[in-house]
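Student: Quick one: the structure is below, questions incoming.
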Amino acid sequence: MPADLRARLGLVELPNPVLAAAGCAGAGRELAGFVDVARVGAVISRSIMTEPRTGNPAPRLAETPSGLLNSVGLQGPGIDGFLQRDLPWLLSRGARVVVSIAGQTLGEYGALASRLSDAAGVSAVEINLSCPNAEDAGRMFALDPEAAAKAVAAVRGSLRSGIPVFAKLSPDVTDVVAVAAACVAAGADGLSLINVLLGMAIDPGTMRPALAAAYGGLSGPAIRPVAVRCVWQVREAFPDVPIIGTGGVRSGRDALELLLAGASMVGVGTAIVHDPSACSRVLKELEDELVVIGADRVADVIGQAHGTRDRVSHGLARRF
Ligand SMILES: Cc1cc2nc3c(=O)[nH]c(=O)nc-3n(C[C@H](O)[C@H](O)[C@H](O)COP(=O)(O)O)c2cc1C
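In the numbering used here, the protein residues as written are 122 to 441.
Okay, here's the thing in structure tokens:
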């Protein structure tokens, strides 16, 4: 019998825990024709800012042996365009929508949150904290627990109660748990981890950086062990805080790994860039993995890699 895949995002029940990660499915329309967006657990929008942006100059993508480098630079329509075109399209297709927001000041985070408070159909807000803080010499909010907490508080203070807030953390810190703790204390209902790692490639042929912006964000299979470690550490510290685990998921087995580390939902990012149907394939494979290990409910595997407790009582002893 297939496993019960339902997951919970605040007040909203998701049919399954496989989400399209921020920025990798564009506005969602890019997936149409490859997957039914209503069957994806939820679609996380690209990060929306107060104004439209064209992003960084090309080249903005560079392949590395096991990951993708990108310096897209938060290209997008701005909150007005998102609310007028992208959100209505996603809702008309039956998608559950998590809106990712990115600000350069605390005021911008607050302004974006209050605009979303008036919009119908927002299942959750994800705060992209990997943005340069214009009020702190361009240092990313995610690098400093205090700055991250202030951004979370700015959003929580302006957002209608009932819409859960997930803070998306960067792995480029020495202590991800300290940043997670600050975000939870500031009112984050959940955490999303991880965003890209800073990386760089140089083309020996041209003797120049492969990206016009010199360096960018590394994603894909190369970063999965970092994502598993971050999810594990944060789950260990906050076993009751829901986590969207993202980083290098290409298969159902990869998704299962993040669930076992403690994620309650899994984001699929770079895999979509290579295969727009990746979310539905990962979901199907995850269902098969759950059958193989004898799990009746996806909820039963969440965090099971921690300690030695209870695996047998969940019927999960066969493979582990
Ligand atoms: C082309 C591209 C664009 C991205 N845009 C965003 C974005 O707008 N906001 C955000 O929070 N993360 C963004 N990300 C990061 C992903 O959501 C994800 O956290 C990261 O890539 C790790 O997952 P993956 O290895 O499955 O791609 C982007 C990643 C890529 C590859």
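Where a beta carbon is used, it is the ideal one built from N, C-alpha and C, also for glycine.
Remember, it's a predicted structure, so these values are computed and weren't measured experimentally.
Nearest CA to the CA of G428: which residue from Q354, G373, G368 and V419?
Tutor: The shortest C-alpha separation from G428 is found at Q354.
Student: Confirm the yes/no value for this check: CB of A143, any heavy atom of ligand 1, distance under 7 Å.
Tutor: The answer is yes for A143.
Student: Quick one: what does DSSP say L132 is sitting in, helix, strand or coil?
Tutor: In the structure shown, L132 sits in coil (DSSP, three-state: anything other than H, G, I, E or B).
Student: Nearest-angstrom Cα distance between L237 and L280?
Tutor: For L237 and L280, the distance between alpha carbons rounds to 7 Å.
Student: Counting only runs of 3+ residues fully inside the stretch 284-330, write out the beta strand (DSSP E) ranges in chain order.
Tutor: The qualifying runs are 286-289, 311-314 and 318-321.
Student: V387 and V90 - do their beta-carbons sit closer together than 8 Å?
Tutor: With the chain covering only 122 through 441, there is no way to say anything about residue 90.
Student: Return the chain-ordered list of same chain residues with a C-beta closer than 6 Å to the C-beta of A343, the five sequence neighbours on each side being excluded.
Tutor: Within the same chain, A343 has close Cβ partners S187 and G188.
Student: Answer with buried or exposed for I423, where buried requires no fewer than 16 other C-beta atoms within 10 angstroms of its C-beta.
Tutor: Buried is the call here.
Student: Quick check: the Cα distance between T171 and V139, rounded to an integer number of angstroms?
Tutor: Computed Cα separation, rounded: 28 Å.
Student: Note down the Cα distance separating A307 from A274, rounded to an integer number of angstroms.
Tutor: A307 and A274: Cα-Cα distance of roughly 5 Å.
Student: Ignoring anything shorter than 3 residues, give me the beta strand (DSSP E) runs that lie fully in the stretch 348-407, in order along the chain.
Tutor: For the stretch 348-407, whole beta strand (DSSP E) runs of length 3 or above, ordered along the chain, are 364-367 and 386-389.
Student: Just the C-alpha distance for P397 and V403, rounded to the nearest angstrom, thanks.
Tutor: Looking at the two C-alpha atoms, the distance is approximately 11 Å.
Student: In three-state DSSP terms, what is T172?
Tutor: The question names Thr, but residue 172 in the sequence shown is Glu. E172: coil per DSSP, three-state reduction.
Student: For a test of the three-state rule: what should DSSP assign to A426, helix, strand or coil?
Tutor: Three-state DSSP puts A426 in coil, outside helix and strand.
Student: Any idea what DSSP makes of G197, helix, strand or coil?
Tutor: Three-state DSSP puts G197 in a strand.
Student: Taking the alpha-carbon of R214 as reference, which of P266, S340, V158 and A128 has the nearest alpha-carbon?
Tutor: Of P266, S340, V158 and A128, the residue nearest in Cα terms is V158.
Student: Quick check: the stretch 290-300 against the stretch 222-229, are there 3 or more CB pairs under 8 Å?
Tutor: Judged by Cβ distances under 8 Å, the stretch 290-300 makes no contact with the stretch 222-229, as fewer than three pairs qualify.
Student: Heavy atom of ligand 1 less than 7 Å from the Cβ of N254, yes or no?
Tutor: Outside the cutoff, so no.
Student: According to the neighbour-count rule (16 or more other Cβ atoms, all chains shown, within 10 Å of its Cβ), is M122 buried or exposed?
Tutor: When all chains shown are included, M122 counts as exposed.
Student: Checking 8 Å against the spacing of the C-beta atoms, do F407 and G373 come in under that value?
Tutor: Looking at the sequence provided, one finds Leu at residue 407 rather than Phe. Closer than 8 Å, so yes.
Student: Helix or strand or just coil, what does DSSP make of V246?
Tutor: Note: V246 maps to strand in three-state DSSP.
Student: For Y230, list the residues DSSP reports as bridge partners.
Tutor: Answer by DSSP bridge pairing: none, since Y230 is not bridged.
Student: Let me confirm a value: G259 is counted as buried when at least 16 other C-beta atoms fall within 10 Å, else exposed. Which label applies?
Tutor: Under this definition G259 is an exposed residue.
Student: According to the Cβ coordinates, are N177 and S166 closer than 8 Å?
Tutor: Not a contact, by the Cβ cut-off of 8 Å.
Student: Which partner residues does E184 have in the DSSP bridge list?
Tutor: According to DSSP, which records beta bridges pairwise, E184 is partnered with L189.
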